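According to my numbering, the residues represented by the sequence shown are 22 to 498, in order.
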Amino acid sequence: MTISGVSALPNAKPPAARATVALVGTSHPGSAISPAAWQGALHFQDAEELLTSDFAAEAIVLAPVDETQAIEWLHILRRDARLGLKPVLLDRPFGAHAMQLSDGVAADTATAARHASEMAQRAADAGQPTATSEERLLAFLHLRPKHILTPVIEWRDTRICHYPVADTCCAPGEDGFELIDRLRSRGLLENTTLIERIHACHRCGAGQLLFVEHCPQCGGIDIGEQNFLHCYACGHVDTQETFLRHDALLCPHCNARLRHIGVDYDRALETLSCRTCHARFTEPEVKARCLQCRTSMAPDALSQRRFYGLKLTAAGELTARTGQMGDVFKLIDEFSHARPEYFLQTLDWLIDVSRRHPEVQFGVVCLTFANVHELAARLPRQRLVQLFDALAQRLRTLIRTTDLFMRESDSHCWLLLPQTSPAGMEVLLQRIAALGKTLTSDDQRIEIAVSARNSGDIPEAALGARVLMSMLRDPAG
Ligand SMILES: [Zn+2]
Ligand SMILES: [Zn+2]
Ligand SMILES: [Zn+2]
């Protein structure tokens with residue numbers, strides 16, 4: 022291993038202690054690299070050279086010759102156990118695949134170092150093992166709160182679409198899609214927007230399909246477009262050529278002279294014919310042939326795949342941070358049907374209605390699990406799951422089907438109680454307050470703080486749901 026390093030860049034000083042930036046690549050036309058901008062960065066010829074060195078890069082900047090090299094280096098680096106989660110930046114913008122695997126563009130050492138220190142702060146918050154592919158993918162997203170896992174199109178890929186980041190988190194033989202499906206079904210990843218819809222073979226799932234038009238009668242593929250004329254006098258239908266004689270149209274069957282379209286003749290609806298069986302038809306039969314397994318099928322028999330952008334859920338965020346909270350809220354989430362946006366909308370609407378019609382009463386309750394992180398740090402995971410499962414079972418009995426329940430985060434849950442009087446709410450609040458106490462011994466108790474408002478005592482200052490909720494979330498502030 023040689024670090025061609027500092028001496029390769031004129032004017033470069035030895036790397037400063039704080040800026041452990043690795044610059045990978047050689048100078049080439051179009052590169053934004055100027056020696057002045059990369060002072061303090063250690064220089065490597067390619068990704069392999071960086072990996073075989075023991076240089077503890079906190080940020081890596083790639084200056085590849087082209088996009089193919091950018092993608093190749095990004096895959097090599099992201100798969101590396103030691104450096105894979107570090108910020109990897111590009112010296113200039115590339116296509117979607119490279120950008121998805123990178124942390125954006127940096128034009129100098131200072132920008133790269135700033136990325137590194139931002140990420141180091143989030144990493145300190147997590148510090149969880151990243152041994153399995155699940156842990157790696159969660160950690161990658163936790164370190165990059167704005168990153169949306171986005172599929173990219175690749176014609177060589179059997180499925181046409183793939184998630185490059187998930188692929189690089191996989192162990193050899195593992196599948197990026199299965200990894201994503203596992204995390205999604207555990208509620209740790211959620212869909213954002215629909216990015217692609219792809220038709221796939223119903224037998225093997227491949228997306229490489231050949232669409233071919235066939236004759237509906239004999240199934241042959243030698244079909245073509247033709248003009249057919251229809252003689253009104255005898256009803257004969259044939260190709261336009263058979264009617265043409267000495268620049269005039271004569272029916273080959275009854276010899277009638279066809280002068281005026283719509284009076285003597287018209288064009289037949291069928292415009293396609295088969296050269297094998299001579300059938301005439303208006304619509305060919307379309308068949309899709311899978312290029313992987315060679316199965317032929319009708320287009321409506323194809324399966325459809327939807328590819329979404331993906332991000333961490335609150336539970337995914339928590340799992341990335343604590344490494345052990347993933348299933349803790351499983352039972353609570355089973356009856357937490359309201360999504361945060363829906364909860365917010367409904368609360369806004371109820372506030373409006375009850376201002377105009379004071380007889381419409383409702384209550385809104387904020388439950389705070391005050392010591393959830395302290396418990397997570399102290400108790401074995403199984404015990405924590407048991408505690409929250411028991412809480413979930415009791416909570417469920419208190420909630421009416423008309424109530425909205427929403428888990429906002431690992432420490433806050435919300436209840437919206439339509440048609441509830443202050444007296445009715447008081448009873449419920451007492452029961453909720455009793456929940457934590459009756460569950461278990463003092464040192465293994467979920468502390469539940471409850472703050473609530475009835476529609477009658479919502480202050481005018483609480484202009485909408487958002488303001489009201491922040492007042493309840495933080496009653497002291
Ligand atoms: Zn197939
Ligand atoms: Zn035919
Ligand atoms: Zn005729």
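Every residue, glycine too, gets a C-beta built ideally from N, C-alpha and C. As the structure is a prediction and not an experimental result, all values here were calculated from the model.
*Provide the residue(s) that pair with Glu155 in DSSP beta bridges, ordered along the chain.*
Beta-bridge pairing links Glu155 to no other residue.
*Report the residue from Arg177, Thr47, Val186 and Val42 whose alpha carbon sits nearest the alpha carbon of Asp101.*
The candidate whose alpha carbon is nearest that of Asp101 is Val186.
*Who are the near neighbours of Ile92 in its chain, counting only those whose CB is closer than 6 Å to its CB and skipping five residues on each side?*
Correct list, in chain order: His118 and Ala119.
*With C-beta atoms as the reference, is Leu71 less than 8 Å away from Leu95?*
No, the pair does not count as a contact, with Cβ atoms beyond the cut-off.
*Supposed contact pair Glu79 and Phe19 - C-beta distance, whole angstroms, cut 8 Å*: Examination of residue 19 is not possible in this model, given that the chain is present from 22 through 498 alone.
*By how many angstroms is the C-alpha of Ala470 removed from the C-alpha of Met490?*
Rounded to the nearest angstrom, the two C-alpha atoms are 15 Å apart.
*If we count the other Cβ atoms within 10 Å of its Cβ and call it buried at 16 or more, is Val406 buried or exposed?*
By the Cβ neighbour-count rule, Val406 is buried, with 16 or more other Cβ atoms within 10 Å of its own.
*Close beta carbons around Gln382, own chain, < 8 Å, minus the five adjacent residues each side*: The residues are Ser375, Gln440, Thr441, Ser442, Pro443, Asn475, Ser476 and Gly477.
*asked:* Is the beta carbon of Ala289 closer than 8 Å to that of Cys255?
replied: Against a cut-off of 8 Å, the Cβ pair of Ala289 and Cys255 comes out as no contact.
*What are the uninterrupted segments assigned as alpha helix (DSSP H) that are 4 or more residues long and contained completely in the segment 152-217, given in chain order?*
Those alpha helix (DSSP H) runs which fall completely within the segment 152-217 and span 4+ residues are 154-164, 185-190 and 197-206.
*So the alpha helix (DSSP H) Met118 belongs to, where does it begin and stop?*
What sits at residue 118 in the sequence shown is His, not Met. Where His118 is concerned, the enclosing alpha helix (DSSP H) stretches over Ala117 to Leu122.
*Where Pro361 and Glu429 are concerned, what is the direct C-alpha to C-alpha distance, given to the nearest angstrom?*
Straight-line Cα distance between these residues: approximately 7 Å.
*For the segment 271-285 against the segment 186-204, are there 3 or more C-beta pairs whose distance is under 8 Å?*
Verdict: no, contact absent.
*Nearest-angstrom Cα distance between Gly26 and Arg99?*
With a pLDDT of only 39 at Gly26, under 50, the local geometry of the prediction cannot be trusted, and no value is derived from it.
*Just the C-alpha distance for Ala473 and Cys387, rounded to the nearest angstrom, thanks.*
When rounded, the distance between both Cα atoms is 6 Å.
*asked:* Please tell me whether Ile216 and Pro172 are closer than 8 Å, where the distance is taken between their beta carbons.
replied: The answer is yes: Cβ separation under 8 Å.
_Could you check if Ala309 belongs to the surroundings of ligand 1, using beta carbon to heavy atom distance under 7 Å?_
Distances between the C-beta of Ala309 and the heavy atoms of ligand 1 are all 7 Å or more.
_Three or more C-beta pairs below 8 Å linking the segment 217-225 and the segment 313-328_ = Put simply, the segment 217-225 touches the segment 313-328. At least three CB pairs are less than 8 Å apart.
*asked:* Checking 8 Å against the spacing of the C-beta atoms, do Leu164 and Ala133 come in under that value?
replied: Their beta carbons are not under 8 Å apart, which means Leu164 does not touch Ala133 by this criterion.
*DSSP three-state call for Gln325: helix, strand or coil?*
In this structure, Gln325 counts as strand in the three-state DSSP scheme.
*asked:* Less than 8 Å between the C-beta atoms of Ile81 and Ala43, yes or no?
replied: Yes, Cβ-Cβ distance for Ile81 and Ala43 is below 8 Å.
*If you run the structure through DSSP and keep just helix, strand and coil, what is Ala58?*
Note: Ala58 maps to helix in three-state DSSP.
*What's the call for Pro108, buried or exposed, on a 16-neighbour Cβ count within 10 Å?*
The C-beta of Pro108 has 16 or more other C-beta atoms within 10 Å across all chains shown, which makes the residue buried.
*Taking 7 Å as the line, does the beta carbon of Gly245 fall inside it for any heavy atom of ligand 4?*
Absence of ligand 4 is noted for the structure shown, with ligand 1, ligand 2 and ligand 3 being the only ligands found.
*If you draw a straight line from the alpha carbon of Asn32 to that of Ala62, how long is it in whole angstroms?*
The pLDDT assigned to Asn32 is 43, lower than 50, so where the model puts this residue is not dependable, and the model offers no usable value.
*Output the distance between the C-alpha atoms of His299 and Tyr253, rounded to the nearest integer angstrom.*
Rounded to the nearest angstrom, the gap between the Cα atoms of His299 and Tyr253 is 22 Å.
*How many Å lie between Ala359 and Glu175 at the Cα?*
Cα to Cα, Ala359 sits roughly 37 Å from Glu175.
*Contact with chain B by Pro443, beta-carbon distance below 8 Å*: No chain B is part of this structure, which consists of one protein chain only.
*Note down the Cα distance separating Gln345 from Ala397, rounded to an integer number of angstroms.*
With a pLDDT of 49 at Gln345, under the threshold of 50, the modelled position of this residue cannot be trusted; read the value that follows with caution. Roughly 8 Å separates the two Cα atoms.
*Does the pairing of the segment 332-340 with the segment 314-323 give three or more beta-carbon distances under 8 Å?*
Cβ pair count under 8 Å is below three, so no.
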